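Asks: First the structure, which I've put down as structure tokens, then a few questions once you've had a look.
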Amino acid sequence: MKGKIKYFILLHLIILLYSLSAICSKAAGTKPFMSMEFILYYGAVIILLGIYAICWQQIIKKLPLTTAFSNKAVTVVWGILFGIIFFAEKISIGKIVGAILVIVGVVLYSLADKDDSLNSSSLDNDIDNQ
Amino acid sequence: MNSKVLFYSCFLLIGIFISAVSQVMLKKAALKKYDSPIKEYLNPLVISAYGLFFFTTVLSILAYKGIPLSMGPILEATSYIYVTIFGVKIFGEKINKQKIIALLFIFAGIFVYSLLG
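Respectively, the protein sequence lines represent chains H and A. For the record, in the first sequence the residue sitting at position 46 is 46 according to our numbering, with numbers rising by one throughout. To convert, take the position in the second sequence, counting from 1, and add 1000; that gives our numbering.
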């Protein structure tokens, strides 16, 4: 149980890394192409995605794939929070409702794979497994 | 949603589609048998897939020039649509009612977020 909690926390840390890579993508887009700042932010995107891919591969060995994929829906929440914090984005009721629907959809999709040995999520899995 | 957001959304949507294609290529590569572990990684299919994946990071940066950060993960949920289609058409995977309902939720969420948000 303790071990599961450890991997669950690790899972959320790497999902957070994935969300941070999006901040760097957006930040890179605001800088002149191939400027020093652009290269730094783009480099950070590649490094973060690389770390994410390597750690994801390890996590899915320890946690059920359905748990890993359903928890990935939290990126929607991070996207909204980081948008507000770092880019002063405004949020509306419509956006929150839309985000909740997407999260419900992703969680339902991941849970639908639970009893399906030939699940389609294995497609997602492979990019991280390489 | 204004026309600028719509225009830049297309870069991300194309990127997500390409990313799904690269996943199919990696899956195909993973199903093959190779003589050595190095060949598992250094073969045209895997290298092309990673090339495509790299290209999608460029598309993401382009997209984020015109879309809010919060919209990224929402649009990324379209990957489940491609994964389902490729899974069924290419790998003969099964689709069940729950997955269809889940996809409808994702569609509805993207619609509500983008057009009513």
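We treat Cβ as the ideally placed atom computed from N, Cα and C, and that holds for glycine. Keep in mind that this is a model prediction, so the values were computed, not measured.
Residues of the segment 1078 to 1095 of chain A in Cβ contact with chain H at a cutoff of 7 Å, in chain order, please.
Replies: Those would be 1080, 1083, 1084, 1086, 1087, 1093 and 1094, in chain order.
Asks: State yes or no: is the beta carbon of residue 960(A) nearer than 9 Å to at least one beta carbon in chain H?
Replies: Any answer about residue 960(A) is impossible in this case: the structure gives chain A only from 1001 up to 1117.
Asks: Taking the alpha-carbon of residue 108(H) as reference, which of 1115(A), 1099(A) and 1113(A) has the nearest alpha-carbon?
Replies: Mapped onto the first sequence, residue 108(H) falls at position 108. Comparing Cα positions, the closest option is 1099(A).
Asks: Mapping DSSP to helix, strand and coil, what is residue 52(H)?
Replies: Stepping through the first sequence from its first residue, residue 52(H) is reached at position 52. Three-state DSSP puts residue 52(H) in a helix.
Asks: Of the choices 1057(A), 1033(A) and 1005(A), whose alpha-carbon is the least far from that of residue 1017(A)?
Replies: Numbered from 1 along the second sequence, position 17 holds the residue referred to as residue 1017(A). Nearest option by C-alpha distance: 1057(A).
Asks: Hey, does residue 1003(A) have any beta-carbon neighbour from chain H nearer than 9 Å?
Replies: If you number the second sequence from 1, residue 1003(A) lands on position 3. No, no contact with chain H.
Asks: Nearest to residue 110(H) by alpha carbon, out of 13(H), 8(H), 68(H) and 50(H)?
Replies: Against the first sequence, residue 110(H) aligns to sequence position 110. Among 13(H), 8(H), 68(H) and 50(H), the Cα nearest to that of residue 110(H) belongs to 68(H).
Asks: Suppose you measure from the CA of residue 1096(A) to the CA of residue 65(H); what does that come to, to the nearest Å?
Replies: Position 96 of the second sequence, counted from the first residue, corresponds to residue 1096(A). Position 65 of the first sequence, counted from the first residue, corresponds to residue 65(H). If I take the Cα positions, the gap works out to 18 Å.
Asks: Rank 19(H), 60(H), 63(H) and 59(H) by C-alpha distance to the C-alpha of residue 44(H) and give the top, closest one.
Replies: Within the first sequence, numbered from 1, the residue matching residue 44(H) stands at position 44. The option with the nearest alpha carbon to residue 44(H) is 19(H).
Asks: Measure how close the beta-carbons of residue 73(H) and residue 1113(A) come, nearest whole angstrom, since I'm counting them as under 8 Å.
Replies: The residue given as residue 73(H) occupies position 73 in the first sequence. The residue given as residue 1113(A) occupies position 113 in the second sequence. Not quite, the Cβ-Cβ distance comes to about 14 Å (not below 8 Å), so this is no contact.
Asks: Find the residues of chain H that neighbour residue 1034(A), judging by a C-beta separation of less than 7 Å, and give them in chain order.
Replies: In the second sequence, the residue the question calls residue 1034(A) occupies position 34. Those within 7 Å of residue 1034(A) in chain H number zero; the least Cβ separation is about 12 Å.
Asks: What does a CB cutoff of less than 8 Å around residue 63(H) pick up in its chain, not counting 5 residues either side in sequence?
Replies: Sequence index remark: in the first sequence, residue 63(H) carries index 63 (1-based). Cβ within range, chain order: 4, 7, 8 and 11.
Asks: Strictly under 9 Å for the Cβ-Cβ distance: is residue 8(H) near chain A by that measure?
Replies: Against the first sequence, residue 8(H) aligns to sequence position 8. Output row for residue 8(H): interface = no.
Asks: Let me confirm a value: residue 88(H) is counted as buried when at least 16 other C-beta atoms fall within 10 Å, else exposed. Which label applies?
Replies: Working through the first sequence from its first residue, we reach residue 88(H) at position 88. Exposed, since its Cβ has fewer than 16 Cβ neighbours within 10 Å.
Asks: Any contact of the segment 1009 to 1029 of chain A with the segment 1044 to 1064 of chain A, i.e. 3+ C-beta pairs under 8 Å?
Replies: Yes, the segment 1009 to 1029 of chain A touches the segment 1044 to 1064 of chain A.
Asks: Are there 16 or more other CB atoms within 10 angstroms of the CB of residue 1007(A), so buried, or fewer, so exposed?
Replies: Working through the second sequence from its first residue, we reach residue 1007(A) at position 7. Burial call: exposed.
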